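These notes are about the structure you will find just below.
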Amino acid sequence: MELRAYAGEACLQAGQWQALDIPPQTRRFEQGEIMRNLDSADRLTMWHFLNA
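In terms of numbering that gives the first Met the number 0, the sequence shown opens at residue 0 and continues consecutively.
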């Protein structure tokens with residue numbers, strides 16, 4: 000199952016997440032941490048789970 004989360008939501012699983020923005024960015028989040036927004040002009044940043 001693929002994990003995704005939007006900025007402003009709590010992180011579902013600790014590990015490396017990649018922002019589906021241009022350019023893509025990778026960041027480590029801890030479970031429960033609020034996913035951050037990368038200041039996309041037209042939408043909230045969507046994060047895709049890479050690995051723990």
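C-beta: ideal position from N, C-alpha, C; glycine also.
The structure presented is a predicted model; accordingly, all values stated were derived computationally and were not measured.
Asked                                                                                           : Found
Beta strand (DSSP E) segment containing residue 4, residue limits                               : 3–5
Element boundaries [beta strand (DSSP E), containing residue 44]                                : Neither: residue 44 is in no beta strand (DSSP E) and is coded neither H nor E.
Span of the beta strand (DSSP E), counted from its first residue to its last, around residue 27 : 24–28
For residue 50, the three-state DSSP class (helix, strand or coil)                              : strand
Helix, strand or coil at residue 31 [DSSP, three-state]                                         : coil
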